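Colleague: Respectively, the protein sequence lines represent chains A and B.
In terms of this note's numbering, the first sequence is numbered consecutively and its last residue is 429.
In terms of this note's numbering, the second sequence is numbered consecutively and its last residue is 172.
Positions of the beta carbon are idealized from the N, C-alpha and C atoms, including for glycine.
Small disclaimer: the values here were computed from a predicted structure and weren't measured.
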Amino acid sequence: MSGMSGDNYTINCPKCHTSQPVFGRAMTLAMTCSSCGVYFRTGKWSNLVSTFNATKGGKPQSTPALAIGSRGKIDGTLYRVMGFVVKQEAQYHFLWREYLLFNPYKGYAFLSESGGSWNIIWPIEENLSNSRTDRQIYVGIDRFDLYSRSRARVVYAQGEFFFDVLDTTGSTETYEYIAPPELIGVEESDDSRLWFRGEYISPKEVAEAFQVSVDTLPSKKGMGYTEPLQNRALAAVLIPVTIALLVIVSAFQYVWHEKAENKIVYQGVLNTGALKDQKVFVTTPFTLSEGKRNVSMNLFCRLENDWFFGEFSLINETTGEEFNFTKDIEYYSGYESEYGSWVEGSQHGDAFLSSIPGGTYHMNIYPDLSSGKDHQVTITVRRDVAFMGNFWLTVVGILAFPTIFYIRRYNSERRRWEDSDYSPYGSYE
Amino acid sequence: MPAIPAKVPADWSFIQIGTTGTYREKSFTITGRVRLQLRNEYKNFWSAVHDGNKSLWIMESFGSFCVLEPRWYSYTGDIKKLRATHTITVENGDTLTGDYVDKCEAISIEGQVGRWPELFPTGFFVVQGSRDTDRGFFTVHTKTKIVQYMLGKTVTPEDLKLGTIHEWNEWR
Numbered sequence: 001m002s003g004m005s006g007d008n009y010t011i012n013c014p015k016c017h018t019s020q021p022v023f024g025r026a027m028t029l030a031m032t033c034s035s036c037g038v039y040f041r042t043g044k045w046s047n048l049v050s051t052f053n054a055t056k057g058g059k060p061q062s063t064p065a066l067a068i069g070s071r072g073k074i075d076g077t078l079y080r081v082m083g084f085v086v087k088q089e090a091q092y093h094f095l096w097r098e099y100l101l102f103n104p105y106k107g108y109a110f111l112s113e114s115g116g117s118w119n120i121i122w123p124i125e126e127n128l129s130n131s132r133t134d135r136q137i138y139v140g141i142d143r144f145d146l147y148s149r150s151r152a153r154v155v156y157a158q159g160e161f162f163f164d165v166l167d168t169t170g171s172t173e174t175y176e177y178i179a180p181p182e183l184i185g186v187e188e189s190d191d192s193r194l195w196f197r198g199e200y201i202s203p204k205e206v207a208e209a210f211q212v213s214v215d216t217l218p219s220k221k222g223m224g225y226t227e228p229l230q231n232r233a234l235a236a237v238l239i240p241v242t243i244a245l246l247v248i249v250s251a252f253q254y255v256w257h258e259k260a261e262n263k264i265v266y267q268g269v270l271n272t273g274a275l276k277d278q279k280v281f282v283t284t285p286f287t288l289s290e291g292k293r294n295v296s297m298n299l300f301c302r303l304e305n306d307w308f309f310g311e312f313s314l315i316n317e318t319t320g321e322e323f324n325f326t327k328d329i330e331y332y333s334g335y336e337s338e339y340g341s342w343v344e345g346s347q348h349g350d351a352f353l354s355s356i357p358g359g360t361y362h363m364n365i366y367p368d369l370s371s372g373k374d375h376q377v378t379i380t381v382r383r384d385v386a387f388m389g390n391f392w393l394t395v396v397g398i399l400a401f402p403t404i405f406y407i408r409r410y411n412s413e414r415r416r417w418e419d420s421d422y423s424p425y426g427s428y429e
Numbered sequence: 001m002p003a004i005p006a007k008v009p010a011d012w013s014f015i016q017i018g019t020t021g022t023y024r025e026k027s028f029t030i031t032g033r034v035r036l037q038l039r040n041e042y043k044n045f046w047s048a049v050h051d052g053n054k055s056l057w058i059m060e061s062f063g064s065f066c067v068l069e070p071r072w073y074s075y076t077g078d079i080k081k082l083r084a085t086h087t088i089t090v091e092n093g094d095t096l097t098g099d100y101v102d103k104c105e106a107i108s109i110e111g112q113v114g115r116w117p118e119l120f121p122t123g124f125f126v127v128q129g130s131r132d133t134d135r136g137f138f139t140v141h142t143k144t145k146i147v148q149y150m151l152g153k154t155v156t157p158e159d160l161k162l163g164t165i166h167e168w169n170e171w172r
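1) Please report the distance separating the alpha-carbon of Glu418/A from that of Ala179/A.
2) If we require 3 or more residues per run, which beta strand (DSSP E) segments fall completely within the stretch 307-348 of chain A?
3) Rank Val140/B, Glu91/B, Tyr23/B by C-alpha distance to the C-alpha of Ile79/B and give the top, closest one.
4) Looking only at DSSP bridge pairs, what is Ala179/A linked to?
5) Taking a cut of 8 Å between CB atoms, which residues from the stretch 160-189 of chain A lie near chain B?
6) Report the rounded CA-to-CA distance for Leu245/A versus Ala233/A, giving the unit in angstroms.
7) In terms of residue numbering, what span does the beta strand (DSSP E) encompassing Arg135/A cover?
8) Look at the alpha carbon of Asn430/A and the alpha carbon of Pro357/A, and state the distance between them as a whole number of angstroms.
9) Chain A beta carbons: is any one of them nearer than 8 Å to that of Ala48/B?
10) Taking its Cβ as the centre, do 16 or more other Cβ atoms sit within 10 Å of Ile184/A, making it buried, or is it exposed?
11) Using only the alpha-carbon positions, how far apart do Gly21/B and Thr156/B sit?
12) Identify each residue in the stretch 48-71 of chain B for which the Cβ-Cβ distance to at least one residue of chain A is less than 7 Å, and report them in chain order.
13) What does the alpha-carbon distance come out to for the pair Thr55/A and Cys36/A?
14) If you follow the beta strand (DSSP E) that Trp195/A is in, where does it begin and where does it stop?
15) Going by beta carbon distance, what residues of the same chain come within less than 6 Å of Phe391/A, once the five residues before and after it are set aside?
16) Note down the Cα distance separating Pro14/A from Asp134/A, rounded to an integer number of angstroms.
17) Please report the residue range of the beta strand (DSSP E) in which Arg83/B lies.
18) When you compare each of Ala84/B, Gly152/B, Asp134/B, Thr89/B to Val127/B by their alpha carbons, which one comes out closest?
19) If you pair each beta-carbon of the stretch 338-353 of chain A with each one of the stretch 248-267 of chain A, do three or more pairs fall below 8 Å?
20) Look at the alpha carbon of Lys7/B and the alpha carbon of Gln136/A, and state the distance between them as a whole number of angstroms.
21) CA-CA distance, Trp256/A and Ser370/A?
22) Taking a Cβ distance cut-off of 8 Å, strictly less, list which residues of the stretch 127-151 of chain B are near chain A, in chain order.
23) Just confirm the distance between the C-beta atoms of Phe45/B and Thr154/B, as a whole number of angstroms; I'd bet it's less than 8 Å.
24) In whole angstroms, give me the CA-to-CA distance for Glu41/B and Thr242/A.
25) Would you identify the three-state DSSP class for Arg131/B, choosing helix, strand or coil?
26) Are the C-beta of Arg193/A and some C-beta of chain B separated by less than 8 Å?
27) For Asn40/B, go through chain A and note every residue whose CB falls closer than 7 Å to its CB, in chain order.
28) Excluding five sequence neighbours on each side, which residues of the same chain lie with their C-beta closer than 6 Å to the C-beta of Lys220/A?
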């Protein structure tokens, strides 16, 4: 069986007496006059007529972006826009807009718009009082954090309403809890407690649902309080992927470390005092194992407010091939009455050569010394050392992207809570 | 002189007399309704013949459904506790917390309906209480101090497997 709504359900405006078609039929309990703009209750029990002070010259204070009577499909449900209100928060006086939507099979819903960000909101049957604490509500395992606790008043209305929107708005206190992109809320007064849930809906989705240009919707300012952060899918996999990469790199490093020869092939002492007029110190020959592997050299010298510099030549005794490098160490210390003891530099120094072919080598060392002091420099040469530098560079590289990513997300979350009195990030003043 | 029930006003109900459905695996057929016009809402109480010759009420408002057992209890507790956010204990030992209080301004009836005590005069208050899916619907006559209530559970239209409903062209 089917039917049309054109049952000539009308009511006369109590102020200008213009006959008003009532689309919502007996469900409509309050409406505005399409002729003179006053707000009135349709029930015989109330003859109150309200006007909006901010409305001047009969022009609406705020034109609805979605026209009364327009239709749009959201989550598979076709809704008709029944009414439009502009509400003002009592403490901070900011404004937002709500559209009352209706479908006879699903009931009513609201589209709420603030700063160009939208939420679709439905009343719900569940009583969530038992899962409610001062600052949170738990729905299953999902935690919703208190974002706002507010009172408001209607400063402008247009269209039809299934309740006295002026009276109910003025008498209720609203709590909103968020777990972006979703929200849970409750409107409480002495006479009622209405739970609702909602979720963020993008301007593009709103425009597509109601078949209007997105350019006709209010321009977006800042971040919506339920707006999901971008790259949610990436955020979900980034930590597991990062952990997996770190495990893989650590495993490679462990295997390399275990396989490394790490053998001392030369250890000797360069006594600079014994050099006299000689410019070069020549080590005894030592053997590097086959294959191209690294060689590390460690220097140790008991310097005290002094320095040592050397030019080094690692020479293959068979081929004559040379590998040249320099190394310096310096160490200073002292005491200042204002700052106490201080130390700068080190008595150790390391040099690292990669891909050195196997063979018999010796090393020529051309030392440069601070004048007048003799030093004993202990030289230790190792073959095939498990070097950690590349490992740590790789670890830093792996962690860099997630670190930047989560810092940006943290900052975005902070911005989300900037207008809330209940920010987990503290005061913004 | 007894009051004459008003004619049910036009609304967007898709349930109608003759609508069929299933509750607790037994079929029912809608035979009539009592419509309460509250100050900020309406409540349709659809009366149904269930499981042959039993009756039940289906309370409906804006897509919200609750099946009420057709037994009216008398409430003898503190009438002041029948308000939003306050909790009371009902006949079966359950506790219910008040969801809302509203005043009934008009009653209309169509078809054949089950027993509904104290319908007239209007001007009584209705109170709905809940706990999880449990619901209690109270009528509070403040002058006579008579409070009666029914108990039930919320359901979805899909749970009821409704058939022969009104198909509104506007929402096709």
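Modeller: Concretely, from the data shown:
1) 16 Å
2) The stretch 307-348 of chain A is shown to contain whole beta strand (DSSP E) runs of 3 or more residues at 322-336, 340-345, in chain order.
3) Val140/B
4) Glu182/A
5) Phe162, Phe163, Asp164, Asp167, Thr168, Glu188, Ser189
6) 18 Å
7) Looking at the DSSP string, Arg135/A is not in any beta strand (DSSP E), and its letter there is neither H nor E.
8) This structure does not reach residue 430/A, given that chain A is present from 1 up to 429, and the question cannot be answered.
9) Among the residues facing chain A, Ala48/B is not included, as its CB has no counterpart in that chain under 8 Å away.
10) buried
11) Cα atoms of Gly21/B and Thr156/B: separation of roughly 12 Å, rounded to the nearest angstrom.
12) Answer in chain order: Phe62, Gly63, Ser64.
13) In this prediction, Thr55/A scores a pLDDT of 46, lower than 50, which makes its location untrustworthy; the coordinate-derived value is nonetheless stated afterwards. Taking the straight line joining both Cα atoms gives about 11 Å.
14) 193-201
15) Gln253
16) 45 Å
17) From DSSP, Arg83/B is part of no beta strand (DSSP E); its letter is neither H nor E.
18) Ala84/B
19) no
20) About 47 Å.
21) 40 Å
22) Ser130, Arg131, Asp132, Thr133
23) Not really, about 15 Å apart at Cβ, beyond 8 Å.
24) 54 Å
25) strand
26) yes
27) Leu29, Phe163, Asp164, Thr168
28) The residues are Gly116.
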